[in-house]
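S.K.: Chains as they are written, first to last, in my numbering: chain B, 1 to 110; chain F, 1001 to 1113.
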């Protein structure tokens, strides 16, 4: 069964304290892995798409990486405005389904 | 991108009411989706439409009835809902091909009283 597991469930960081969020997945034929940011009361905002193991993408303080079993979202020197829930999703081949994890709630303290 | 618009943003309805959620995408995509988001649960796929044809119905109760008149518009008709149906309902779209990014609207907060 296709599945996405994110850890930790919640993370508190001091401003400037770098860390990583994990997304482990099991999928029959990965067509793409996606990272989103979701603020309270809003829809998920797209961050990155990764397609193959070894691929990396960066945007400001965020860097996403992908292996055959997991993806990491690295946050370098975070700021309070990076506080949000970060969602990971996979798209399996032969289907229109995008399967999501439960997310990591990140809180960055000033 | 902010190309997916949902209305209303907030909705309170009684269990005997009939209401509809509306979604419109301006991204030129051919696939549209309804997801349900409840507290501490992953996003649950409800329905998928590709070129107006329903391709996925994820065992959703019949009190939720989707309608897709064209590739840009998607509706979710609601009737005789239960309090446990209270959640954030998210509409999304994609180009439908394998691995393409799915883009979300801001969601419709539904409270069933």
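We treat Cβ as the ideally placed atom computed from N, Cα and C, and that holds for glycine.
Per DSSP, what are the beta-bridge partners of residue 22 of chain B in this structure?
M.R.: Position 22 of the first chain, counted from the start, is the residue given in the question as residue 22 of chain B. DSSP lists B:7 and B:72 as partners of residue 22 of chain B.
S.K.: Run through DSSP, which three-state label would residue 40 of chain B get?
M.R.: Taking the first chain and counting its residues from 1, the one referred to as residue 40 of chain B is at position 40. Coil.
S.K.: Closest Cβ-Cβ distance between residue 31 of chain B and chain F: below 8 Å?
M.R.: Locating residue 31 of chain B in the first chain gives position 31, counting from the first residue. Interface residue, yes.
S.K.: Would you mind sorting residue 16 of chain B into buried or exposed? The rule is 16 or more other CB atoms within 10 Å of its CB.
M.R.: For the purposes of this step, residue 16 of chain B is taken as the residue at position 16 of the first chain. Label assigned to residue 16 of chain B: exposed.
S.K.: Residues of chain B with CB under 8 Å from residue 1031 of chain F, in chain order?
M.R.: In the second chain, the residue the question calls residue 1031 of chain F occupies position 31. Those within 8 Å of residue 1031 of chain F in chain B are 96.
S.K.: Against chain F, with Cβ distances strictly below 8 Å, would residue 26 of chain B count as a contact?
M.R.: Along the first chain, read from residue 1 onward, the residue named residue 26 of chain B stands at position 26. Chain F contact via Cβ: absent.
S.K.: Could you list which residues in chain F have their beta carbon closer than 7 Å to that of residue 44 of chain B, in chain order?
M.R.: What you label residue 44 of chain B is simply residue 44 of the first chain in a count that begins at 1. Under the 7 Å cutoff, chain F gives 1104.
S.K.: Find the nearest neighbour of residue 1060 of chain F within the set F:1051, F:1047, F:1053 and F:1079, judged by alpha-carbon distance.
M.R.: Against the second chain, residue 1060 of chain F aligns to sequence position 60. The shortest C-alpha separation from residue 1060 of chain F is found at F:1047.
S.K.: Pick out the complete beta strand (DSSP E) segments inside the stretch 1043-1093 of chain F, 3 residues or longer, and give them in chain order.
M.R.: Taking only runs of at least 3 residues, the beta strand (DSSP E) segments lying wholly in the stretch 1043-1093 of chain F are 1044-1050, 1053-1057, 1064-1070 and 1073-1079.
S.K.: Is residue 1 of chain B close to chain F, meaning its C-beta is less than 8 Å from at least one C-beta of that chain?
M.R.: Within the first chain, residue 1 of chain B is the residue found at index 1, counting from 1. Residue 1 of chain B does not count as touching chain F.
S.K.: Using 8 Å as the threshold, is the C-beta distance between residue 1037 of chain F and residue 1081 of chain F below it?
M.R.: By 1-based counting over the second chain, the position of residue 1037 of chain F is 37. By 1-based counting over the second chain, the position of residue 1081 of chain F is 81. Cβ distance not < 8 Å, so residue 1037 of chain F and residue 1081 of chain F don't count as in contact.
S.K.: Which residues in chain F sit within 8 Å of residue 51 of chain B, going by Cβ to Cβ distance?
M.R.: As a first step, residue 51 of chain B is located in the first chain; it is residue number 51 there, counting from the start. Result: 1099.
S.K.: Which same chain residues end up closer than 6 Å to residue 1102 of chain F when comparing Cβ atoms and leaving out the 5 residues on each side of it in sequence?
M.R.: The residue labelled residue 1102 of chain F in the question sits at position 102 within the second chain. So the list reads 1092 and 1094, once near-sequence residues are dropped.
S.K.: State buried or exposed for residue 37 of chain B, treating a residue as buried only when at least 16 other CB atoms are found within 10 Å of its CB.
M.R.: As a first step, residue 37 of chain B must be located in the first chain, where it is residue number 37. Buried, because 16 or more other Cβ atoms sit within 10 Å of the Cβ of residue 37 of chain B.
S.K.: Pick helix, strand or coil for residue 45 of chain B, following the three-state DSSP scheme.
M.R.: The residue given as residue 45 of chain B occupies position 45 in the first chain. Residue 45 of chain B: strand per DSSP, three-state reduction.
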